[in-house]
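The opening residue of the sequence shown carries number 47 in the numbering used here; numbering runs sequentially from there.
Report on the following structure.
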Amino acid sequence: METPRRDFIRNAALAGAALAASNAYAAGNGPRIKVGLIGCGGRGNGAISDFLEACKVLNLESEVTAVGDAFKSQADAVGDRLKLAPERRFHGFDAYRKVIASGCDYVVMATPPAFRPLHFAAAVEAGKHCFIEKPVAVDPVGARAVIATGEVARTKGLAVVAGTQRRHTASYVKNKMLIDLGAIGPIRGGVVQWNGVVPWIKRRTAGESAADYLARNWLNFTEMSGDHIVEQHVHNLDVAVWYLGRPPVSAVGFGGRARRETGNQFDFFSVDFDFGDDVHIHSQCRQLAGTWGRVGEMFTGADGSCFGGGRIKPPAGRKLQEPEVKFDTDNAMVQEHVDLIRSVLTGKPLNEARQIADSTMVAIMGRISSYTGDMVRWTDLTRDAQSPWYNLTLSPAPADFEGGKVTLPEEKPTVPGKA
Ligand SMILES: NC(=O)c1ccc[n+]([C@@H]2O[C@H](COP(=O)([O-])OP(=O)(O)OC[C@H]3O[C@@H](n4cnc5c(N)ncnc54)[C@H](O)[C@@H]3O)[C@@H](O)[C@H]2O)c1
C-alpha cells in the first residue's frame, strides 16, 4: 500500500517525533517539502540546488512549486533546469505574490536586498517558512521591518533562516563555542575584511526602463544593494556581532569611489566600530581590482586570538578542550536548509530574522557614517526617532517597482560631509 504523503506544516509535530527517533526517513515515507523561489539569479539557482541536496541529506522528498523573477528569461532558465511547467514560472515585479501562493511550504528569497522586507512580510503573512538571503534591507526602516516580521514569524511558529552561512559552518560554530568558554579571554578588538573586486556590472541598454536597469545592475546601486559594505561585507560584520554577542555602540567611517564604472556606490570603506567597553573592531572592505585581497575576520582576546573559523590561539600552556561539533554536511549552504527543515520537523523552528537584521543594520550604520562623515550611533537607527537617520528610506522603494513609479538615482556617489 502506498504511504500517504504527509503535509510538511500540518504534520510537523508528528513528523518531528519520527525524525527525532530515526533522524531520517525512508524515501517517500516522510513529508514532501515544497519550496518556491523568488529571484532566479546566481544565488537563487544555488539555493534551490542546496535545498534539493538538503532534502537528500534528510532523505525527504522535495518539490519546487514555482519560481519567480523580475525577468522572464531568468525564471525560464531555472524553470528549464528544473523541468518546471510553464504555469509554474512567473515574471514581473509582482511575481513574488504568485510564488508565495503556489502551494509551497517555504519560500527562498534571493532577489536584490531592497526587496527583502516586502517579500519577507508577504511570505510570513501567508504562513510560509522562509529562507532569506543576506542582507535583508538597505535602510534602517527596512531592517526594523524585518525584525518586526521576524517576531510575527515567531508567533506563527514559522522558521526563518538567513543566508549567513558562517553561522552554519562547523569551524565557525566551534570557535564561537570556544570563545564563549573563555579560550582566548574576552575579545578586546579585531579586524573584519572583505577586500575584493567588483563582482560584475551591467550597462544600461538602449530603451531599458529605469526599473529594469536597476533590477539588472542592482549590485552597483545603493538603493538596491545597500552598497557593498552591506551587500557583501555583512558576512564579516555578522561574525563580529555574533562572536562579541552584541552590536556596536557607534561607527565612524570613511570611504569613496576610485574606479567604479556604473551606479552610485563607493568602492572602498574603512569603519571603526566601537563595541563599548573599549572594544573596537576595524571594518575594511574594498572592491578594487589589482589591490591586496582578503576575506575574513580576526579577533584579539585578553588571553589569545582567533581567526574567524580558522586558527584559534589560546595563551601558552593552555590546552583547548575541543567541543564536538557534528554537522550533516561540509557544505554550509546545504546545512542552512537542513537546519531549517529539521527545526520545523522537530517543532523548534529556527528564527534568524533578528540576527541578520541586526547585522544588516550594523553594515548600514557603517555606510551612513562613511557617506555623511558623521558618527552614527546604534540608537540613531534603532531607538532614537528624533535622529536624522532613524526614518531613512532609500528611493525608489520596493513597492515603487510594482506601481511603475521608478526614477533612476543619479549615477554618482555621495560626497562625505555633504550628504
Ligand atoms: N550567501 C551568500 O554567500 C550569497 C552569495 C551571493 C549572493 N547572495 C545574496 O543573494 C541575493 C541575490 O544575489 P545574486 O548574486 O543571486 O544576484 P543575481 O543578480 O544573480 O540574481 C538576482 C535575481 O533577482 C531578480 N530580481 C530583481 N528584482 C526582482 C524582484 N523585485 N522580484 C523578483 N526577482 C527580482 C533578478 O532579475 C535576478 O535574476 C543578494 O541579496 C545577494 O547579496 C548571497
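The C-beta atom is built at its ideal place from N, Cα and C for all residues, glycine as well.
Span of the beta strand (DSSP E) around residue i
{"i": "H328", "result": "H326 to Q333"}
{"i": "R340", "result": "R340 to G347"}
{"i": "I84", "result": "R78 to I84"}
{"i": "S271", "result": "Here S271 belongs to no beta strand (DSSP E); instead the alpha helix (DSSP H) covers T268 to S271."}
{"i": "V276", "result": "Counting along the chain, V276 falls outside any beta strand (DSSP E), though it belongs to the alpha helix (DSSP H) covering H274 to E277."}
{"i": "D318", "result": "F314 to D320"}
Ligand 2 heavy atom lying under 7 Å from the CB of residue i
{"i": "D313", "result": "With respect to ligand 2, the structure offers nothing, as its ligand set consists of ligand 1."}
Range covered by the alpha helix (DSSP H) that runs through residue i
{"i": "V380", "result": "A378 to L391"}
{"i": "D258", "result": "A256 to R262"}
Reduced DSSP category for residue i - H, G, I as helix; E, B as strand; rest coil
{"i": "Y466", "result": "Outside the modelled stretch of the chain, which goes from 47 to 465, sits residue 466, for which no answer is possible."}
{"i": "S416", "result": "helix"}
{"i": "R357", "result": "coil"}
{"i": "G301", "result": "strand"}
{"i": "D284", "result": "helix"}
{"i": "F447", "result": "helix"}
{"i": "W246", "result": "coil"}
{"i": "N69", "result": "Reliability fails at N69, whose pLDDT of 44 lies under 50, so the model's placement of it is uncertain and the value that follows must be treated cautiously. Coil at N69, not helix or strand."}
{"i": "L429", "result": "Residue identity check: residue 429 is Arg in the sequence provided, not Leu. It is coil, neither helix nor strand."}
{"i": "Q401", "result": "helix"}
{"i": "N241", "result": "strand"}
{"i": "R292", "result": "coil"}
{"i": "Q422", "result": "Correcting the residue identity first, residue 422 is Val in this sequence and not Gln. Of the three classes helix, strand and coil, the one that applies to V422 here is strand, per DSSP."}
{"i": "P50", "result": "Confidence in P50 is poor, its pLDDT being 31 and thus under 50, which makes the residue's placement unreliable; the coordinate value appears in the next sentence. Reduced to three states, the DSSP call for P50 is coil."}
Inter-residue Cα distance where the pair is residue i and residue j
{"i": "Y152", "j": "F373", "result": "22 Å"}
{"i": "G339", "j": "S329", "result": "14 Å"}
{"i": "A229", "j": "G347", "result": "9 Å"}
{"i": "A121", "j": "K220", "result": "38 Å"}
{"i": "E179", "j": "S255", "result": "26 Å"}
{"i": "T251", "j": "A399", "result": "37 Å"}
{"i": "L386", "j": "L396", "result": "6 Å"}
{"i": "R212", "j": "S119", "result": "32 Å"}
{"i": "N437", "j": "T406", "result": "16 Å"}
{"i": "A257", "j": "G449", "result": "11 Å"}
{"i": "R305", "j": "G87", "result": "26 Å"}
{"i": "G342", "j": "P132", "result": "42 Å"}
{"i": "V285", "j": "G236", "result": "11 Å"}
{"i": "A112", "j": "Q311", "result": "33 Å"}
{"i": "H214", "j": "V103", "result": "15 Å"}
{"i": "S316", "j": "S148", "result": "44 Å"}
{"i": "G90", "j": "K365", "result": "43 Å"}
{"i": "P181", "j": "G272", "result": "8 Å"}
{"i": "Q367", "j": "M411", "result": "37 Å"}
{"i": "N241", "j": "E277", "result": "13 Å"}
{"i": "F97", "j": "V380", "result": "6 Å"}
{"i": "T195", "j": "E456", "result": "32 Å"}
{"i": "D446", "j": "G188", "result": "15 Å"}
{"i": "V295", "j": "V280", "result": "17 Å"}
{"i": "Y71", "j": "R388", "result": "Here Y71 scores only 48 on pLDDT, less than 50, and its place in the model should not be relied on; the value that follows carries that caveat. Spanning the two alpha carbons is a distance of roughly 12 Å."}
{"i": "V384", "j": "V461", "result": "44 Å"}
{"i": "F345", "j": "C176", "result": "32 Å"}
{"i": "M223", "j": "N105", "result": "29 Å"}
{"i": "G82", "j": "A93", "result": "11 Å"}
{"i": "S433", "j": "R134", "result": "45 Å"}
{"i": "T301", "j": "L283", "result": "Here residue 301 is Gly; the residue named in the question, Thr, does not match the sequence. Cα to Cα, the separation comes out at about 17 Å."}
{"i": "R234", "j": "F319", "result": "12 Å"}
{"i": "Q239", "j": "G76", "result": "43 Å"}
{"i": "A168", "j": "L204", "result": "13 Å"}
{"i": "V184", "j": "L130", "result": "32 Å"}
{"i": "H326", "j": "V298", "result": "11 Å"}
{"i": "V287", "j": "R423", "result": "15 Å"}
{"i": "V110", "j": "L128", "result": "8 Å"}
* Could you please go through the chain and list the residues whose beta-carbon is closer than 6 Å to any non-hydrogen atom of ligand 1? => I84, G85, C86, G87, G88, R89, G90, G114, D115, A116, F117, Q120, F139, A141, Y142, A156, T157, P158, P159, F161, E179, K180, G209, Q211, A261, E277 and F447
* Note down, one range per segment and in chain order, each beta strand (DSSP E) of at least 3 residues found wholly within the stretch 154–236. => 175–178 and 206–208
* **alpha helix (DSSP H) runs contained entirely in the stretch 94–143, provided each spans 4 or more residues** => 118–128
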